[in-house]
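Before any comments, here is the structure.
2 protein chains.
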Amino acid sequence: MPNPANDHALALLVRKLDSIAGLSDKERQAILRLPATTKVLQPKQDIVRDGDRPSRCCLVLEGWACRYKLLSEGRRQILSFHIPGDVPDLQSLHIHSMDHSLCAATKAVVAFIPHDALRDLINRFPNVATVLWRDTLIDAAVFRQWMTGMGRRSAYARMAHLFCEMYLKLEAVSLAGEHRCPLPLTQTDLADALGLTSVHVNRTLKELRGSGLLTLRGSTLVVDRWDELVQAAEFDPTYLHLEQRAAE
Amino acid sequence: MPNPANDHALALLVRKLDSIAGLSDKERQAILRLPATTKVLQPKQDIVRDGDRPSRCCLVLEGWACRYKLLSEGRRQILSFHIPGDVPDLQSLHIHSMDHSLCAATKAVVAFIPHDALRDLINRFPNVATVLWRDTLIDAAVFRQWMTGMGRRSAYARMAHLFCEMYLKLEAVSLAGEHRCPLPLTQTDLADALGLTSVHVNRTLKELRGSGLLTLRGSTLVVDRWDELVQAAEFDPTYLHLEQRAAE
DNA sequence: CGATAGCTTGAGAGAGGTCAAGCCAAGTGG
DNA sequence: CCACTTGGCTTGACCTCTCTCAAGCTATCG
């Protein structure tokens, strides 16, 4: 049964998928009719864990989530950040056991959608399957970009790259603008995402501030010199495929 | 029109997809009837380049291929290695412009399958779409593992991890066994895959040899102590989802 | 039999890590 | 309302893993 809260949640999903590839009215309505239960999460609270075999997907409604892997001696690698509209564990639809964990990076609200319902949706609307597939492929494109950063970019460039990426992703869902966006992450989070230590993140951040490229106060990032930040990062936004719909 | 050479090529694809999720007879036959043209490639020869908008996918038949990104000053990051049976650019079906390049890592033979034919196949057999989707998801799982290595593993562990991974992937298609497999890569290739310099790869390799874990002569890797290699790498093979069919 | 690609090794340098301490703001409880 | 705790930020001193530069070696090939 649809209810107001879910309508809101699923409208966010419709909007995201529509931006990825375009939906028909029937598809839109079918998505809005998906069953969903919402939940409020505290920072660091796990949503699914490495090894789990989930039977539902998670749609981020408010706040940020992140995927991560743990290694021995407390080492952690963050694999991705997710913002409202994202379905970070979409892959669980076809890969049954989790090879990493997913948690709330901040206080967050998420909606859970049963796999059954999604499979049914996909069967009835092959085009929706294509859109979701495409979403997972863009996810992979971001992984490739992060890999390239960790392997071949300096800490400075890598951090600049992450900021460019998050800014554009947020802007695409109207959560950023005028070179200003939320960045509700601790320096430890940044470190685990960039493959650095928090101490070095602190120093690199200082350097970025020092060269006048950006300001980071509280949980707000202000990019003071976008072009220079892009240049320092060797950032090319095509991999995000944000304007795909218009380009088709 | 099917011909003997293509039958061979597509049989390899059938086998790979079948191992991923299981196919019906009709699906098998439809795949075998796909049009394909084969081509012999020299080492380092590009198959598709960053920025291209390909209209066909590439199936590796013999030899190895690799995907990579180039940065300024000749920096290169290898994103993945591909062996016979793999379709390294499957994502091009839904992401129209390449965000990285694909080339032959060794002398290789590949088959090209037009996107049109694949789309038609997918429309007629939704289950095949699921299998292909699943294949791209496993691809992404490998990216996550590589990211984790670059961010949080030492050069030694990272290299050990790569060897474990390649051994199991080759074994799954009967190209390895008895702790012995081909590894037709230069130290520079390894360096670009691991985010290291070739000098350091050389020294790390020496260390791995020195601790008696493996032998690498010519283009053949012999794992002398599998368990210790796995341990050094903190390697857990579940992310490869190799035995999925049996597990379902 | 040069030429070329790949492998090996040494010496020195640098990016980023480790350890440790101090600081600040936001709770929390008495 | 003020100690006290806690999580996160900042900085210094020192260390080390990996890089850079450079040279020599080896095998393959036209």
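Chains A and B, in that order, are what the protein sequence lines are. In terms of UniProt numbering, the first sequence opens at residue 1 and continues consecutively. In terms of UniProt numbering, the second sequence opens at residue 1 and continues consecutively. Built from N, CA and C at the ideal position, the CB exists for glycine as well.
Buried or exposed (CB count within 10 angstroms, at least 16 for buried), residue i
i	result
A/Pro126	exposed
A/Val14	buried
A/His8	exposed
B/Asp192	buried
A/Glu243	exposed
B/Glu178	exposed
A/Met1	In this prediction, A/Met1 has a pLDDT of 48, which is less than 50 and means its spatial position is unreliable; nothing more can be read from the coordinates.
A/Ser92	buried
B/Ser154	exposed
A/Val48	buried
B/Gln77	buried
B/Lys44	exposed
A/Lys69	buried
A/Lys16	buried
B/Glu73	exposed
A/Asp46	exposed
A/Thr148	buried
A/Gln145	buried
B/Thr136	buried
A/Gly218	exposed
A/Asp99	buried
A/Arg67	buried
B/Val222	exposed
A/Asp139	buried
Chain A contact for residue i (CB, 8 Å cutoff)
i	result
B/Met150	yes
B/Trp64	no
B/Met147	yes
B/Gln231	no
B/His100	yes
B/His241	yes
residue 314 of chain B	No statement about residue 314 of chain B is possible, as the shown extent of chain B runs from 1 to 248 and does not include it.
B/Glu228	no
Residues that residue i contacts on chain B, provided the C-beta gap is smaller than 7 Å
i	result
A/Ala129	Ala129
A/Ser97	Thr238
A/Leu79	Arg144 and Met147
A/Glu94	In the sequence under discussion, the amino acid at residue 94 of chain A is His, which differs from the Glu named in the question. Near A/His94 (Cβ distances below 7 Å), the residues of chain B are Thr130, Trp133, Arg134 and Leu137.
Closer than 8 Å at the beta carbon, the chain A residues around residue i
i	result
B/Phe163	Here the premise fails: no neighbours, minimum Cβ distance about 17 Å.
B/Gln91	Leu137, Ala140 and Ala141
Contact with chain B by residue i, beta-carbon distance below 8 Å
i	result
A/Leu17	no
A/Ala246	Below a pLDDT of 50, predicted positions are generally treated as unreliable, and A/Ala246, at 44, falls in that range; the measurement from the model is reported next regardless. No - not a single Cβ of chain B is within 8 Å of the one on A/Ala246.
A/Ala141	yes
A/Lys69	yes
Listed by chain order, chain A residues near residue i by CB distance under 7 Å
i	result
B/Gly195	Met150, Gly151 and Arg152
B/Arg124	Under the 7 Å cutoff, chain A gives no residues; its nearest Cβ is about 11 Å from B/Arg124.
Cβ neighbours of residue i in the same chain (closer than 8 Å, five flanking residues each side left out)
i	result
B/Ala246	Confidence at B/Ala246 is low in this model, with a pLDDT of 44, below 50, so the placement of that residue should be treated as unreliable; the coordinate-derived value is given next. So no residue of the chain qualifies.
B/Tyr156	Thr204, Glu207, Leu208 and Ala232
A/Leu170	Ile83, Ala176, Cys181 and Pro182
B/Gly63	Leu41, Pro84, Ala104, Ala105, Thr106, Lys107, Ala108, Val109 and Pro184
A/Glu234	Arg153, Ala157 and His161
B/Ala36	Asn6, Ala9, Leu10, Leu59, Ala111, Phe112 and Ile113
Interface residues of chain B facing residue i [CB-CB closer than 9 Å]
i	result
A/Ser72	Glu234
Residues of its chain near residue i, where Cβ-Cβ distance is below 7 Å and the 5 sequence neighbours each way are ignored
i	result
B/Ala129	Ile122
A/Arg56	Phe112, Ile113, Pro114 and His115
A/Leu61	Ala9, Leu12, Thr38, Pro84, Val109, Val110 and Ala111
A/Gly212	Asp224 and Arg225
Close beta carbons around residue i, own chain, < 6 Å, minus the five adjacent residues each side
i	result
A/Glu27	Phe125 and Val128
A/Leu196	Ala155
B/Glu248	Note on B/Glu248: pLDDT 42, under 50, position unreliable in the model; the coordinate value appears next. Within the same chain, B/Glu248 has no close Cβ partners at all.
A/Asn202	Gln187
Would you call the stretch 86-106 of chain A and the stretch 104-118 of chain B touching, i.e. three or more CB-CB distances under 8 Å? no
Mind the definition here: the stretch 222-232 of chain B touches the stretch 118-138 of chain B only if three or more C-beta pairs lie below 8 Å; say whether that holds. no
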